[in-house]
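Chemist: Have a look at the structure that comes next, please.
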Amino acid sequence: MSVTLLESGIVDVSFGEDVKVIKPVNLYGCEISNNCFIGPFVEIQKDVRIGKRTKVQSHAFICELVKIGDDCFVGHGVVFINDVFSNGGPARGNKALWRHTQIGNNVSIGSNATILPVTICDNVVIGAGSVVTKNVVKPGVYAGNPARLIKKLE
Amino acid sequence: MSVTLLESGIVDVSFGEDVKVIKPVNLYGCEISNNCFIGPFVEIQKDVRIGKRTKVQSHAFICELVKIGDDCFVGHGVVFINDVFSNGGPARGNKALWRHTQIGNNVSIGSNATILPVTICDNVVIGAGSVVTKNVVKPGVYAGNPARLIKKLE
Amino acid sequence: MSVTLLESGIVDVSFGEDVKVIKPVNLYGCEISNNCFIGPFVEIQKDVRIGKRTKVQSHAFICELVKIGDDCFVGHGVVFINDVFSNGGPARGNKALWRHTQIGNNVSIGSNATILPVTICDNVVIGAGSVVTKNVVKPGVYAGNPARLIKKLE
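Residue numbers (this note's numbering), protein chains in the order written: chain H, 214 to 367; chain F, 214 to 367; chain Y, 214 to 367.
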């Protein structure tokens, strides 16, 4: 038997001003802007960009190819996805099969929500426990599995 | 850049007798009664109260304003919520907008369930992966997103 | 008050060749085969068996009585279940009430999915955020709560 044990940590992260992080976390190769908060047991992968004043709560997972705007809230246990198993299984390293996620500004994602690779516009609330499978192009509150508009926001 | 790194830990927690905790955890300002079990990668926030013989499994998150009774089971990855984004986004420190959750005795919450701020009476089972959006006032088994009664219990 | 603090770790695990593990994890009494990957914040309980080249992503929880085949993908935050509260609450140590889960080969389980005790055949994709409540006996893509067939695979 042979096992390689690596430690979670903070490697090659570009932090803005006044960022607060609660360890243990696994953050690598990402950009975290001014006044962000990152809770415990969070993993953020490389090339992720997180805007100003955004809070990422405990147990969240943010994968490669995700960009998140300013003043967002990523609830506890929220997971993002870049590989939709389009060939019937994982891309296994073929990143040409991965897809991007773009989250606007002032987007609040409720805890335990699951975000497939989509675009979400500014001023959106995603209900807790929702599964977002399609782009969200109008401000509003969206919830359910799959998530649907349940309330318009001005 | 400036980043403040804090460590998860156990701070200002009132433990009863014969409590067992598997680290790493992030527990602060809460009350955990006799004979409780707290699994790894759990976060419990301040002013939470957990009754006797209740088990909180790995990856659970229990937020401020939650009270849980005796002989309960909080499954793996269960998250509680106190802020329902009632103004279209997080309360951002305005706790007047937060809401309470009260869980009775002998309540078993299946893994990956999401519990909005509600009251749940004694002798209830919440199915795994459910999203509980309304008060539960009668004993029974509730499941789905949103959770609905699927079986009455005597 | 009296509290017993234990540390997560790696105890009595049988590793194959070229396994990679990102700590912190809580792994005990399980068998993890050649070329597996185990991400951070993962818990795997005793007697679990995981086949070759299977990846278990961050925040996953795999309970006792689960067997997973070769070339599988267990997404971030996926939880397995062995106790369905068949008597209206947890079995509380009566393992005669627990049930088995058997996952075939080339099964890809999307992030935040919840897997009740079932059998899943080879060549299956489970969508992210799904709740699998019944056996899956034909290859295909299954999604939703409860999970249903949404696409057949050859």
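Ideal Cβ placement from N, Cα and C applies to all residues, glycine included. What you are looking at is a predicted structure, and each value in this text was computed from that prediction instead of being measured.
Using DSSP's beta-bridge definition, name the partner residues of PHE286/F.
Modeler: DSSP links PHE286/F through a beta bridge to LYS268/F, SER321/F.
Chemist: Looking at the C-beta of THR332/Y, does it have a partner C-beta in chain F at a distance below 8 Å?
Modeler: no
Chemist: Within this structure, are the beta carbons of CYS276/H and ASN318/H separated by less than 8 Å?
Modeler: no
Chemist: Identify, in the order they occur along the chain, each residue of the same chain with its Cβ nearer than 8 Å to the Cβ of VAL224/H, setting aside the five sequence neighbours on each side.
Modeler: Cβ contact annotation for VAL224/H (same chain, cutoff 8 Å, sequence separation greater than five): LEU240, TYR241, GLY242, in chain order.
Chemist: Roughly how many angstroms separate the alpha carbons of GLY222/H and VAL234/H, rounded to a whole number?
Modeler: Looking at the two C-alpha atoms, the distance is approximately 11 Å.
Chemist: Taking CB distances under 8 Å as the criterion, tell me whether THR327/F reaches chain H.
Modeler: yes
Chemist: Using a Cβ-Cβ cut-off of 8 Å (strictly less than) and excluding sequence neighbours within five positions of PRO352/F, which residues of its own chain qualify?
Modeler: CYS334, ASP335, ASN336, VAL337, LYS365, LEU366, GLU367
Chemist: What does ILE363/H reach in chain F if we use C-beta pairs closer than 7 Å?
Modeler: By Cβ distance, chain F contributes nothing, its closest Cβ being about 11 Å from ILE363/H, past 7 Å.
Chemist: Cβ atoms of PHE274/F and GLY301/H: under 8 Å apart, would you say?
Modeler: No, the Cβ-Cβ distance between GLY301/H and PHE274/F is not below 8 Å.
Chemist: Would GLY306/Y be called buried (16 or more neighbouring beta carbons within 10 Å of its own) or exposed?
Modeler: exposed
Chemist: If you run the structure through DSSP and keep just helix, strand and coil, what is LEU278/H?
Modeler: For LEU278/H, the three-state secondary structure derived from DSSP is coil.
Chemist: May I ask which residues mark the beginning and end of the beta strand (DSSP E) holding THR217/F?
Modeler: 216-220
Chemist: Can you tell me the Cβ-Cβ gap for VAL255/H and VAL269/H, rounded? I've got them flagged as a contact below 8 Å.
Modeler: Between VAL269/H and VAL255/H the Cβ distance is about 6 Å, and since that is below 8 Å, they are a contact.
Chemist: DSSP has ILE235/F in a bridge; who is on the other side?
Modeler: LEU219/Y
Chemist: I'd like to know whether the C-beta of HIS313/F is nearer than 8 Å to at least one C-beta of chain Y.
Modeler: no
Chemist: Against chain H, with Cβ distances strictly below 8 Å, would SER271/F count as a contact?
Modeler: no
Chemist: Going by the CB atoms, is the gap between PRO253/H and LYS280/H shorter than 8 Å?
Modeler: Judged by their CB atoms, LYS280/H and PRO253/H are not nearer to each other than the 8 Å cut-off.
Chemist: Kindly indicate if chain H contains any beta-carbon less than 8 Å away from that of PHE228/Y.
Modeler: yes
Chemist: Using a 10 Å radius around the Cβ and a threshold of 16 neighbouring Cβ atoms, would you call LEU218/F buried or exposed?
Modeler: exposed
Chemist: To which residues of the same chain is ALA304/F closer than 7 Å at the C-beta, ignoring the five residues directly before and after it?
Modeler: Short of 7 Å from the beta carbon of ALA304/F, and not among the five residues preceding or following it, lie these beta carbons of its own chain, in chain order: ASP296, LEU310, TRP311.
Chemist: Of the residues THR267/F, GLU220/F, ILE294/F, ALA356/F, which one's Cα is nearest the Cα of PHE228/F?
Modeler: THR267/F
Chemist: My parser needs the beta strand (DSSP E) runs of 3 or more residues fully inside the region 326-366 of chain Y; what are they?
Modeler: 337-339, 353-356, 361-365
Chemist: For the beta strand (DSSP E) that contains GLN315/Y, what are its first and last residues?
Modeler: It spans 314-316 - the beta strand (DSSP E) in which GLN315/Y sits, taken as one unbroken run.
Chemist: For GLY342/Y versus THR332/H, is the C-beta distance shorter than 8 Å?
Modeler: no
Chemist: Short check: CB of CYS249/Y to CB of VAL261/Y, under 8 Å?
Modeler: Pairing CYS249/Y with VAL261/Y gives a Cβ-Cβ distance that is not under 8 Å.
Chemist: Of all the CB atoms in chain H, is at least one closer than 8 Å to the CB of PRO303/Y?
Modeler: no
Chemist: Can you find the residues in the same chain that come closer than 6 Å, C-beta to C-beta, to GLN258/Y, ignoring five residues on each side of it along the sequence?
Modeler: CYS276, GLU277
Chemist: Relative to the C-alpha of ILE322/F, which residue among SER299/F, PHE298/F, VAL350/F, VAL354/F is closest?
Modeler: When only C-alpha atoms are compared, the closest one is VAL354/F.
Chemist: Rounded to the nearest angstrom, what separates SER246/Y and MET214/Y at their Cα positions?
Modeler: 42 Å
Chemist: May I ask which residues mark the beginning and end of the beta strand (DSSP E) holding VAL261/F?
Modeler: Per DSSP, VAL261/F is not a residue of any beta strand (DSSP E), being assigned neither H nor E.
Chemist: Using a beta-carbon distance below 8 Å, is PHE218/H in contact with chain F?
Modeler: Checking the sequence shown, residue 218/H turns out to be Leu, not Phe. Judged by the 8 Å Cβ criterion, LEU218/H is not in contact with chain F.
Chemist: Which residues in chain Y have a C-beta closer than 9 Å to the C-beta of ASN358/H? List them in chain order.
Modeler: Those are GLY342, SER343, VAL344, ALA356, GLY357, ASN358, listed as they occur along chain Y.
Chemist: With DSSP as the reference, please indicate the residues paired to PHE228/Y in a beta bridge.
Modeler: Answer is ILE245/Y, bridged to PHE228/Y.
Chemist: Could you name the residues that DSSP lists as bridge partners for VAL292/Y?
Modeler: PHE274/Y, THR327/Y
Chemist: Taking C-beta pairs closer than 7 Å, name the residues in chain F that PRO237/Y reaches, listed in chain order.
Modeler: PRO237
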